[in-house]
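These notes concern the structure reproduced below.
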Amino acid sequence: MIRHDYAFPFRIDAASHQAAQSRYEAHVEQMIRQVLLTSPGERVNLPEFGCGLRQLLFAPHSEALDATTKIIVLQALNRWLAGQIEVKTVKVASLEETGDPAQLSVLIEYVLIETMANKRMEVRIL
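Below you can see the structure in the form of C-alpha coordinates.
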(Lines of atoms letter the chains of each structure in order from A and count residues from 1; the text may use other names and numbers.)
(Lines give C-alpha, C1' and ligand atoms only; values in the text may rest on other atoms or scores of the structure.)
Protein backbone atom coordinates (compact mmCIF):
# COMPACT_ATOMS: atom_id res chain seq x y z
CA MET A 1 0.00 0.00 0.00
CA ILE A 2 1.37 3.40 -0.96
CA ARG A 3 1.39 5.80 1.94
CA HIS A 4 0.30 9.42 1.50
CA ASP A 5 0.62 12.29 3.95
CA TYR A 6 -0.49 15.90 3.99
CA ALA A 7 1.52 18.14 1.67
CA PHE A 8 3.55 21.06 2.92
CA PRO A 9 2.75 23.85 2.75
CA PHE A 10 -0.82 22.95 3.64
CA ARG A 11 -3.22 23.66 0.79
CA ILE A 12 -6.53 22.50 -0.65
CA ASP A 13 -6.42 20.32 -3.75
CA ALA A 14 -8.45 21.99 -6.50
CA ALA A 15 -9.74 18.71 -7.92
CA SER A 16 -10.84 16.95 -4.74
CA HIS A 17 -11.53 20.01 -2.56
CA GLN A 18 -9.70 18.24 0.27
CA ALA A 19 -6.33 18.72 1.90
CA ALA A 20 -3.57 18.12 -0.65
CA GLN A 21 -1.51 15.02 -0.09
CA SER A 22 1.96 13.91 -1.15
CA ARG A 23 3.74 10.58 -1.41
CA TYR A 24 5.54 9.43 1.73
CA GLU A 25 9.00 10.05 0.23
CA ALA A 26 8.06 13.59 -0.79
CA HIS A 27 6.51 14.21 2.62
CA VAL A 28 9.75 13.20 4.36
CA GLU A 29 11.73 15.54 2.07
CA GLN A 30 9.32 18.34 3.00
CA MET A 31 9.85 17.59 6.69
CA ILE A 32 13.65 17.65 6.26
CA ARG A 33 13.42 21.06 4.58
CA GLN A 34 11.19 22.33 7.39
CA VAL A 35 13.70 21.26 10.04
CA LEU A 36 16.70 22.70 8.19
CA LEU A 37 15.18 25.99 7.06
CA THR A 38 13.37 26.87 10.30
CA SER A 39 15.34 28.92 12.80
CA PRO A 40 14.98 28.11 16.50
CA GLY A 41 12.49 30.56 18.00
CA GLU A 42 10.61 30.98 14.73
CA ARG A 43 7.70 28.77 15.81
CA VAL A 44 5.85 30.28 18.74
CA ASN A 45 4.43 27.04 20.14
CA LEU A 46 7.63 25.05 19.56
CA PRO A 47 10.50 27.53 19.96
CA GLU A 48 13.26 24.90 20.04
CA PHE A 49 12.23 23.45 16.64
CA GLY A 50 14.59 23.97 13.75
CA CYS A 51 18.22 24.04 12.82
CA GLY A 52 19.17 27.65 12.15
CA LEU A 53 20.97 26.74 8.94
CA ARG A 54 20.27 30.12 7.34
CA GLN A 55 22.24 31.91 10.06
CA LEU A 56 25.37 29.97 9.07
CA LEU A 57 25.19 31.47 5.60
CA PHE A 58 26.63 34.72 6.95
CA ALA A 59 29.59 33.13 8.74
CA PRO A 60 32.99 33.10 7.01
CA HIS A 61 33.35 29.89 5.02
CA SER A 62 35.94 27.55 6.55
CA GLU A 63 36.53 23.91 7.46
CA ALA A 64 35.34 24.71 10.98
CA LEU A 65 32.06 26.04 9.58
CA ASP A 66 31.63 22.88 7.50
CA ALA A 67 32.16 20.70 10.58
CA THR A 68 29.79 22.83 12.66
CA THR A 69 27.14 22.68 9.94
CA LYS A 70 27.38 18.88 9.76
CA ILE A 71 26.94 18.57 13.52
CA ILE A 72 24.01 21.00 13.65
CA VAL A 73 22.21 19.29 10.75
CA LEU A 74 22.81 15.80 12.13
CA GLN A 75 21.61 16.71 15.62
CA ALA A 76 18.49 18.49 14.34
CA LEU A 77 17.46 15.66 12.01
CA ASN A 78 18.11 13.02 14.67
CA ARG A 79 16.07 14.98 17.18
CA TRP A 80 13.05 15.86 15.07
CA LEU A 81 12.87 13.04 12.51
CA ALA A 82 14.31 10.05 14.38
CA GLY A 83 11.18 7.97 13.76
CA GLN A 84 11.14 8.74 10.04
CA ILE A 85 14.75 8.64 8.82
CA GLU A 86 18.18 7.36 9.75
CA VAL A 87 20.82 9.84 8.61
CA LYS A 88 23.82 8.15 7.00
CA THR A 89 25.95 11.11 5.91
CA VAL A 90 25.86 14.88 5.85
CA LYS A 91 28.19 16.64 3.43
CA VAL A 92 28.67 20.38 3.21
CA ALA A 93 29.87 21.69 -0.16
CA SER A 94 33.06 23.67 0.08
CA LEU A 95 33.49 27.15 -1.33
CA GLU A 96 35.45 25.64 -4.22
CA GLU A 97 32.56 23.29 -5.03
CA THR A 98 29.83 25.92 -4.97
CA GLY A 99 31.95 28.72 -6.41
CA ASP A 100 29.80 31.20 -4.53
CA PRO A 101 30.67 32.51 -1.05
CA ALA A 102 27.01 33.51 -0.57
CA GLN A 103 25.70 29.96 -0.96
CA LEU A 104 25.54 27.02 1.42
CA SER A 105 24.85 23.56 0.04
CA VAL A 106 24.16 20.54 2.26
CA LEU A 107 23.84 17.00 0.89
CA ILE A 108 22.05 14.51 3.15
CA GLU A 109 22.01 10.75 2.60
CA TYR A 110 19.45 8.90 4.67
CA VAL A 111 17.34 5.76 4.94
CA LEU A 112 13.55 5.92 5.15
CA ILE A 113 12.81 3.79 8.19
CA GLU A 114 9.36 2.70 7.00
CA THR A 115 10.50 1.41 3.60
CA MET A 116 14.26 0.99 4.21
CA ALA A 117 14.89 2.89 0.96
CA ASN A 118 18.15 4.81 0.57
CA LYS A 119 17.56 8.44 -0.34
CA ARG A 120 19.58 11.59 -0.80
CA MET A 121 18.67 15.21 -1.07
CA GLU A 122 20.45 18.52 -1.39
CA VAL A 123 19.40 21.69 0.35
CA ARG A 124 20.83 24.93 -1.04
CA ILE A 125 20.61 28.19 0.79
CA LEU A 126 21.25 31.35 -1.19
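Heads up: the sequence shown begins at 1134 in my numbering, then just goes up one per residue.
Backbone N, C-alpha and C fix where the C-beta goes; we use that ideal spot for every residue, glycine too.
Residues near residue i in its chain [Cβ-Cβ closer than 7 Å; skip 5 each side]
{"i": "MET1164", "result": "LEU1214, GLN1217"}
{"i": "ARG1187", "result": "LEU1170, SER1172, ILE1258"}
{"i": "VAL1220", "result": "LEU1207, LEU1210, ASN1211, ILE1241, TYR1243"}
{"i": "ASP1138", "result": "GLN1154, SER1155, TYR1157, HIS1160"}
{"i": "PRO1180", "result": "PRO1173, GLY1174"}
Contacts around residue i, its chain only, beta-carbon distance under 8 Å, and the 5 residues preceding and following it disregarded
{"i": "ASP1146", "result": "ALA1152, ALA1153, GLN1154"}
{"i": "ILE1205", "result": "CYS1184, GLY1185, LEU1186, LEU1189"}
Residue i: first and last residue of the uninterrupted beta strand (DSSP E) it sits in
{"i": "ARG1257", "result": "1251 to 1258"}
{"i": "ILE1145", "result": "Element bounds for ILE1145: n/a, residue is neither H nor E."}
Minimum C-alpha distance to residue i - residue among the options
{"i": "LEU1237", "options": "PHE1141, GLU1255, LEU1179", "result": "GLU1255"}
{"i": "PRO1234", "options": "ASP1199, LYS1203, ASN1251", "result": "ASP1199"}
{"i": "ASN1251", "options": "THR1222, GLY1232, VAL1239", "result": "THR1222"}
{"i": "GLN1167", "options": "PRO1142, ASN1178, SER1149", "result": "PRO1142"}
Delimiting residues of the alpha helix (DSSP H) encompassing residue i
{"i": "ARG1136", "result": "Premise fails: ARG1136 is in no alpha helix (DSSP H) and is neither H nor E."}
Contact set for residue i: own chain, Cβ-Cβ below 6 Å, skip 5 residues either direction
{"i": "LEU1190", "result": "LEU1237, ILE1258"}
{"i": "THR1202", "result": "LEU1189, VAL1225"}
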